[in-house]
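A.B. asks:
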Amino acid sequence: MPELPEVETARAAIERSALGRRIADVDDTDTFVCRPHSAGEIRSALVGLTLTEAHRRGKTLWCTTDGDAVLGLHLGMSGRIVVDPPAASGGSTDEGGDYWGDAPARPGAAAWFRFTLLFEDGGALRLHDKRRLGRVRLDPDLDALGPDAAEIDRDTFRSRVGRGRTPVKARLLDQSVLAGVGNLLADETLWRARLDPRRTVDTLDADDLDLLRRELRAATRRAIRQGGVHTGEVIEHRRAGGHCPRCGAEMMRGTVGGRTTWWCSVEQV
DNA sequence: ACACGTGTTATGCG
DNA sequence: TCGCATAACACGTG
Numbered sequence: 002m003p004e005l006p007e008v009e010t011a012r013a014a015i016e017r018s019a020l021g022r023r024i025a026d027v028d029d030t031d032t033f034v035c036r037p038h039s040a041g042e043i044r045s046a047l048v049g050l051t052l053t054e055a056h057r058r059g060k061t062l063w064c065t066t067d068g069d070a071v072l073g074l075h076l077g078m079s080g081r082i083v084v085d086p087p088a089a090s091g092g093s094t095d096e097g098g099d100y101w102g103d104a105p106a107r108p109g110a111a112a113w114f115r116f117t118l119l120f121e122d123g124g125a126l127r128l129h130d131k132r133r134l135g136r137v138r139l140d141p142d143l144d145a146l147g148p149d150a151a152e153i154d155r156d157t158f159r160s161r162v163g164r165g166r167t168p169v170k171a172r173l174l175d176q177s178v179l180a181g182v183g184n185l186l187a188d189e190t191l192w193r194a195r196l197d198p199r200r201t202v203d204t205l206d207a208d209d210l211d212l213l214r215r216e217l218r219a220a221t222r223r224a225i226r227q228g229g230v231h232t233g234e235v236i237e238h239r240r241a242g243g244h245c246p247r248c249g250a251e252m253m254r255g256t257v258g259g260r261t262t263w264w265c266s267v268e269q270v
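Going by the working numbering, the first sequence opens with residue 2, and the numbers climb by one from there.
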């Protein structure tokens, strides 16, 4: 699920609901998700502190604290952030009560909690992740990430995306070029821009690149507002027998940049 | 039973 | 060394 829009929603939920609550305990025992830390390492660093700010670049999320620790969170392929309110206000994870974050509000979810910050007020912040491809770590390294896809300016976009001769979709998915675009957002953006995902970037002129950036920003803002990348206009048509919602032509399927890719057989050239 | 997948990273090739 | 494609990771879902 999570691409830039979902991660931004999670960041906003943390900012709104989790900051300023003192951490009483931490469950970091899933060392696959919390690697490369050993069990207890993150706990030792965080107990007694409070989260002070929630930041995001691309799909990487991190929280500063009122101490030295910085808590990095990555949702991977299936991660979600769940923020439970203070115990006194009712609603708990076990009862499927009120959720402040983006979460499956149902019993049994506890089996998929891979990391938990337990607050002194009885509430919690949790990483719910069925596939365990999410990551939690202290002091996350952001150096390998390009500029955020929602923030990148026009000239930077032109030079970073337009360099080389890789297929344009592969370039959009490269987190070191720009951070935040995943498989669905790439397909939605290229469909909006009417560009064939297999086009190599050296065939794109400045106007093409400007259009691509414009549609990327529009698709991203729309996804945040509507509740996720899956709400994109072309997404439900990414299936066998699907048709372009603009022109009605058959949708094509292929592999580009190592990922399943769908595009309009007529409009995307 | 079997293939697939909204992400990242190690590995191998040219 | 650079850039790109592929496999592997874990595990639920169709």
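Note that beta-carbon positions come from the ideal geometry of N, C-alpha and C, so glycine has one too.
In three-state terms, what does DSSP make of I153?
C.D. replies: coil
A.B. asks: Restricting to runs no shorter than 3 residues, where is the beta strand (DSSP E) found entirely within the stretch 30 to 77?
C.D. replies: 52 to 58, 61 to 66, 71 to 75
A.B. asks: Pull the bridge partners of C265 from the DSSP assignment, please.
C.D. replies: Checking the DSSP bridge columns, you'll see C265 partnered with M252.
A.B. asks: Go to V169, then tell me how far its beta strand (DSSP E) extends in each direction, as first and last residue.
C.D. replies: Note, V169: premise wrong, no beta strand (DSSP E); alpha helix (DSSP H) at 169 to 174.
A.B. asks: Would you please state the rounded distance, in angstroms, between the beta carbons of G181 and G135? I believe it to be under 8 Å.
C.D. replies: Wrong, their Cβ atoms sit about 16 Å apart, outside the cutoff.
A.B. asks: Leaving out five residues on either side along the sequence, give the residues of the same chain with a beta carbon under 6 Å from the beta carbon of P198.
C.D. replies: K170, L191, V257, T262, W264
A.B. asks: List the whole-angstrom C-beta distance separating L50 from D67, where the pair is believed to meet the contact cut-off of C-beta under 8 Å.
C.D. replies: 6 Å
A.B. asks: Compare the C-alpha of G255 against each of C248, A241, K131 and name the closest.
C.D. replies: Closest by C-alpha distance to G255, out of C248, A241, K131, is A241.
A.B. asks: Would L76 pass as a contact of P3 if the rule is Cβ separation under 9 Å?
C.D. replies: In this structure, P3 lies closer than 9 Å to L76 by Cβ.
A.B. asks: For R172, count the other beta carbons within 10 Å of its own beta carbon; 16 or more makes it buried, fewer makes it exposed. Which is it?
C.D. replies: buried
A.B. asks: Using DSSP with H/G/I as helix, E/B as strand and the rest coil, what is L139?
C.D. replies: strand
A.B. asks: Where does G98 sit, in a helix, a strand or coil, going by DSSP?
C.D. replies: Note that G98 scores 33 on pLDDT, short of 50, meaning its location in the model is unreliable and no value can be drawn from it.
A.B. asks: Do A14 and V84 have their CB atoms nearer than 9 Å?
C.D. replies: yes
A.B. asks: Where does L217 fall in DSSP's three states?
C.D. replies: helix
A.B. asks: Are the CB atoms of L128 and V137 within a distance shorter than 9 Å?
C.D. replies: yes
A.B. asks: Taking L134 as part of the beta strand (DSSP E), name the residues at either end of that continuous run.
C.D. replies: Counting along the chain, L134 sits inside no beta strand (DSSP E), nor does DSSP assign it H or E at all.
A.B. asks: Determine, using beta carbons only, whether G228 and V178 come nearer to each other than 9 Å.
C.D. replies: Going by C-beta atoms, G228 is not nearer than 9 Å to V178.
A.B. asks: Using DSSP with H/G/I as helix, E/B as strand and the rest coil, what is A180?
C.D. replies: Correct three-state label for A180: strand.
A.B. asks: Inspect the beta-carbon positions of A150 and G73 and report whether they are closer than 9 Å.
C.D. replies: no
A.B. asks: Going by Cα to Cα distance, which pick from W63, E251, T32, H231 is closest to R12?
C.D. replies: W63
A.B. asks: Assuming A219 and R193 make a contact with CB atoms under 8 Å, what is their CB distance in whole Å?
C.D. replies: Going by Cβ atoms, the distance from A219 to R193 rounds to 7 Å, so yes, they are a contact pair.
A.B. asks: Can you look up A19 in the DSSP assignment and give me helix, strand or coil?
C.D. replies: coil
A.B. asks: What does the Cβ neighbour count give for T117, buried or exposed, with the cut at 16 atoms within 10 Å?
C.D. replies: buried
A.B. asks: CB R239 to CB L196, shorter than 9 Å?
C.D. replies: No.
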